[in-house]
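Right, one structure below, let's go through it.
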Ligand code: HEM
């Protein structure tokens, strides 16, 4: 394995530690509410890794560190892993794998709808984050992975709506951070398109 491959494996292993810790804590002491602990930890870390994934490009630009790009996929896969366990926790503890319950819940609780709007594209991106899919999809892969931007906004809205009471500061932070990162990417694309046009003229 190359040195960068080792670093990526270490980042992934360290990134999985909170998941391992919360799972171990459920076995050690299933009280008080195991679902709440699992939903909270997996949801929080899914958002954190999503934020880190989207931060890679601006950090790469600012720090002039091309190699940072190699970690984007690892961080994205961590965001997907946490979302998968978050969804699984919901399906096991809340929905009991009952499709009728899920569709009713989506219709009744808007934050669940937004969770799904973020979760479905996250699943698509997660299952296509391997070399085989990158090779098969070719140019379409890049287009597909643009879904990360709307999904980040849906995820932050899902979090915002799930918070009961006034303690919405953290959710507002994620909404603002994702909005800024999207604006940065739009600006970056605009600048590159202008440079290409100028070079072709
Ligand atoms: C896949 C579909 C999803 C479902 C069914 C779902 C479901 C839920 C549920 C039931 C809660 C608990 C709300 C409560 O009772 O307090 C929750 C909270 C949360 N979810 Fe999701 N979610 C989904 C997707 C996502 C995604 C994609 C993210 C982030 C990338 C996310 C991040 C969060 C966060 C941060 C919380 C708040 C955790 C806390 O502070 O307790 N969710 N979600």
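In mature numbering (1 follows the signal peptide of the UniProt record, and there is no 0), the protein residues as written are -28 to -1, 1 to 173.
From the three backbone atoms N, C-alpha and C, an ideal C-beta is built for every residue, glycine too.
Please read these numbers as outputs of a predicted model, since none were measured by experiment.
Contact belief for residue i with residue j at Cβ below 8 Å, rounded distance in angstroms
i           : j           : result
residue 40  : residue 49  : That pair is no contact at about 16 Å.
residue 19  : residue 146 : 6 Å
residue 124 : residue 26  : 6 Å
residue 158 : residue 126 : Residue 158 to residue 126, Cβ: 18 Å. No contact.
Residue environment, residue i, which counts as buried when at least 16 other CB atoms sit within 10 Å
i           : result
residue 94  : buried
residue 153 : buried
residue 150 : buried
residue 7   : exposed
residue 211 : Residue coverage of the chain in this structure runs from -28 to 173, which leaves residue 211 outside it and unanswerable.
residue -19 : exposed
residue 120 : buried
residue 87  : buried
residue 165 : exposed
residue 91  : buried
residue 170 : exposed
residue 3   : exposed
residue 17  : buried
Residue from the options with nearest C-alpha to residue i
i           : options           : result
residue 58  : 84, 73, 42        : 84
residue 134 : 11, -20, -11      : 11
residue 44  : 23, 60, -1, 163   : 23
residue 131 : 13, 97, -19, -6   : 13
residue 128 : 156, 161, 15      : 15
residue 96  : 107, 118, 80      : 118
residue 51  : -11, 115, 69, 1   : -11
residue -6  : 61, 67, 35        : 61
residue 32  : 168, -4, 160, 173 : 160
residue 21  : -17, 102, 172, 37 : -17
residue -26 : 42, -9, 66        : 42
residue 98  : 139, 56, 72, 5    : 56
Suppose only complete runs of 4+ residues qualify. What are the alpha helix (DSSP H) ranges in the segment 30 to 95, listed by chain order? Counting only runs of 4 or more, we get 44 to 61, 71 to 80.
Ignoring anything shorter than 4 residues, give me the alpha helix (DSSP H) runs that lie fully in the segment 124 to 173, in order along the chain. Fully enclosed alpha helix (DSSP H) runs of 4 or longer: 141 to 172.
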